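Shown next, in C-alpha cells, is the structure this report addresses.
Right under this line is the structure:
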C-alpha cells in the first residue's frame, strides 16, 4: 500500500490503495513494454511515478544505503526537455536524505547519453555513469577495445557545472560499467553496424564468454585505458553481475576474477 508519508510528501489526500503500474506509464502506448512484456519505461511527469520513486528511495535511505543509481533518466522524461519533474523528485529525495540518512546525504548517479543534465548551471547528479561501449575488432573474433568517440560513449563528454554538494567542475567525474541489456539477433557474429552490442552480445555476456585469461587481461586494460583517456573517468569493475569465488570455487559458476580485481584496487595509487 502507498504509505501515508508518501501522500503527505506530495500533498495528496490519503486513501487506502496500492501503487498503480499503469498510472506510471506514458500515454498513447509510448515506451510501453519497452524492455519486455510488462516491463515499460515510466513517465516522470506522472505523479504516480514520482510518488513511487520517492517511496523506493525513502526505503533505501532508511536501510542505510548511501548511493542510488537512477537508471536511464533521459528516456523517463521524453516530453519534458527541461527535466523539471526529475528536478522535483531529486529535490524531495535529497531533502529526505538530509534529515534522515546516516550521513545526512545520498549520492546519486544515472546513465546520461547526452553527457549530463544541467539546469541553470546546476548538475542534477553527483556523478555520471554509462556503459563502457567496447568496440568489436573486425577480423579478430571476440576481441574488443575501448575507443573515444565510438558510438555514444561518454569519454570526454561528461558535462560540468555546480554539483548538488556545491562544488564546481568543468566535467563531472563518471564511471563506466560492463553493462547488461540483452543480446542482439546475431550473437557471436561481427556486424559493422553494431554500436552497442559486442560481437552480437551485450557487454556483460560478451565478457563472461571470454576465456579467464582474456577477462583478467581486459579488466586491467580497460581500467588503465579509461584513466589515461579521461582524467574524469573511472572503470567500474564488475562484481554483482557475476560471481568470482577464487578460493573454493563453490558453487562452480564463479568466474575467477577476484585476484585481478584485488590487484587493480591495490595498485590504484600507482596507476
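Numbering (my numbering), first residue to last: 3 to 273. Glycine included, every Cβ here is placed at the ideal spot set by N, Cα and C. Source: prediction; values computed, not measured.
Look at the segment 60-122 and you find these whole runs of alpha helix (DSSP H), each 4 residues long or longer: 86-102. Sorting 263, 129, 228, 269 by C-alpha distance to the C-alpha of residue 70 places 129 at the top. When secondary structure is reduced to three states using DSSP, residue 221 falls in the helix class. In terms of Cβ geometry, residue 196 and residue 133 do not form a close pair [threshold 8 Å]. Excluding sequence positions up to five before and after residue 219, its CB lies less than 6 Å from no other CB in the same chain. Put simply, the backbone Cα of residue 187 is about 21 Å away from that of residue 34.
In the DSSP assignment, residue 237 falls within the beta strand (DSSP E) that extends over 235-237.
A Cβ-Cβ distance of about 32 Å is found for the pair residue 156 and residue 102, leaving them out of contact under the 8 Å criterion. Following the DSSP letters along the chain, one finds residue 178 inside the beta strand (DSSP E) bounded by residues 176-179. By the Cβ rule, the segment 91-100 does not count as touching the segment 134-147, because fewer than three pairs are nearer than 8 Å. Taking a 10 Å sphere around the C-beta of residue 59, we find 16 or more other C-beta atoms and assign the residue as buried. If you compare the alpha carbons of 85, 138, 139 with that of residue 127, the shortest gap goes to 85.
Counting the other CB atoms within 10 Å of its CB gives residue 66 a total below 16, which places it among the exposed residues. Assigned with DSSP and collapsed to three states, residue 29 falls in helix. Residue 55 sits away from residue 112, with the two beta carbons spaced by 8 Å or more.
Sixteen is the threshold: when 16 or more other Cβ atoms of the shown chains lie within 10 Å of the Cβ of residue 45, as they do, the residue is buried. Residue pairing by DSSP places residue 170 opposite 164 in a beta bridge.
Between residue 198 and residue 80, the alpha-carbon positions lie close to 21 Å from each other. The closest CA to that of residue 184, considering only 124, 201, 170, is found on 201. Residue 87 sits buried, since 16 or more C-beta atoms from the chains shown fall within 10 Å of its C-beta. Closest by C-alpha distance to residue 210, out of 75, 8, 100, 258, is 258.
Annotated three-state conformation of residue 267 is helix, per DSSP. If you compare the alpha carbons of 190, 194, 215 with that of residue 205, the shortest gap goes to 190.
Out of 239, 11, 5, the CA that lies nearest to the CA of residue 97 is found in 11. Residue pairing of residue 203 in beta bridges, as defined by DSSP: 200. From the listed residues 152, 163, 225, 148, the smallest Cα separation to residue 271 is found for 225. Residue environment: residue 153 is assigned as exposed (fewer than 16 neighbouring CB atoms within 10 Å of its CB, all protein chains considered).
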